[in-house]
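Let me begin by presenting the structure, written as structure tokens, before commenting on it.
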Amino acid sequence: MTDLRLGVNIDHVATVRNARGGAYPDPLRAAKLAEDAGADGITAHLREDRRHISDADIDGLMAVLDVPLNLEIAATKEMQVIALRHKPHAVCIVPEKREELTTEGGLEVAHEENRLAHFIAPLRDAGCKVSVFIAADKRQVEAAQRVGAQVIELHTGAYCDFHTKGDFAARDAELQKLTKLATFARTLGLEVHAGHGLTYDTVLPIARLPEVQELNIGHFIIGEAIFRGLTPAISEMRRLMDEGRDLR
Ligand code: PXP
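Below you can see the structure in the form of structure tokens.
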């Protein structure tokens, strides 16, 4: 075991379930299997349009999980009420657009400081650890601290996309930015998480960053589970994270 936690995002088990509108595959069963496979936490994004995770899934996760739940939500009144009802271990605030396929960019914390500060305060008072999902941008890190977030989750999507496209110069430049910002965030007393788009090919350099304490990974693991099963797919991610950690 290392000091780097793995949060397994189970949204896309629900995506497959909802493709038929039925009851399977069951995201709760996936969450319990992920726990057994060594996940340190489960992440689920309750989107405004409920395209994957449903309200009933959140009820179920809160009831059955032995590891912490990280609930991802947009900063809306409806989601704040839901989060305050469940009081999950962690709440991650993400930007949300109905037309997007996935969470495309980071949260504009700097432009919405007042609103976000009011959104975050009651969640913190309820005992939730609050994070904001941001791009590698110093202004957003500074704003995250001002609005009262305890954690930043750095968006690794751009880094992963550059890798996939084979643009290794841009990938390495993005990794540099993420590295610098992780260090900077720690100097502000913020905990640092990272995630989005991570795969077996891209996880190592992120796991190597000593300031990063948690990775949240979903889509790739759930896809890989089709070929090797969920438990081996998670175990391999865990192994690579540990390898990255040892390379520090
Ligand atoms: N972290 C956050 C804040 C996210 O919104 C997502 C996607 O829902 C992830 C991590 C996981 O991304 P992926 O499914 O691409 O691994």
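Following our numbering, the numbering of the sequence shown begins with -19 at its first residue and continues without gaps. Idealized CB from N, CA, C, for every residue including glycine. Since the model is a prediction, treat every value here as computed from it, not as a measurement.
Per-residue DSSP class, three states only, for residue 193: If DSSP states are grouped into helix, strand and coil, residue 193 belongs with the strands.
Exposure of residue 174, with buried meaning 16 or more beta-carbon neighbours within 10 Å: Result: buried.
DSSP-derived helix/strand/coil call for residue 72: DSSP, read as helix, strand or coil, puts residue 72 in strand.
At least three beta-carbon pairs within less than 8 Å, the stretch 16 to 23 to the stretch -12 to 0: With the cut-off at 8 Å, the stretch 16 to 23 and the stretch -12 to 0 touch.
Residues bridged to residue 110 [DSSP beta-bridge criterion]: Residue 110 is bridged to 71.
Member of 45, 202, 109 and 160 whose CA lies at the smallest distance from the CA of residue 178: The alpha carbon of residue 178 has as its nearest neighbour, out of 45, 202, 109 and 160, the alpha carbon of 202.
Helix, strand or coil at residue 52 [DSSP, three-state]: Here residue 52 carries a strand assignment [DSSP, helix/strand/coil].
Given 8 Å, three or more beta-carbon pairs between the stretch 93 to 110 and the stretch 136 to 147: Put simply, the stretch 93 to 110 does not touch the stretch 136 to 147. Fewer than three CB pairs are less than 8 Å apart.
Residue 61 in three-state terms, based on DSSP: Looking at residue 61 - three-state DSSP - the assignment turns out to be helix.
Proximity test, residue 72 beta-carbon vs the ligand PXP heavy atom, cut-off 7 Å: Yes.
Contact check, residue 63 vs residue 108, beta carbons under 8 Å: Yes, the pair counts as a contact, with Cβ atoms nearer than the cut-off.
Sub-8 Å separation of residue 66 and residue 42 beta-carbons: Yes; because the gap between Cβ atoms is below 8 Å, this pair is in contact.
Rounded C-alpha distance that separates residue 190 from residue 163: Taking the CA atoms as reference points, residue 190 sits about 9 Å from residue 163.
Segment contact flag, the stretch 158 to 172 with the stretch 124 to 140, C-beta cutoff 8 Å, min 3 pairs: Flag = yes, the stretch 158 to 172 and the stretch 124 to 140 touch.
Collapsed DSSP secondary structure at residue 262 in the structure displayed: Missing from the structure shown is residue 262; the chain here goes from -19 to 228 and no further.
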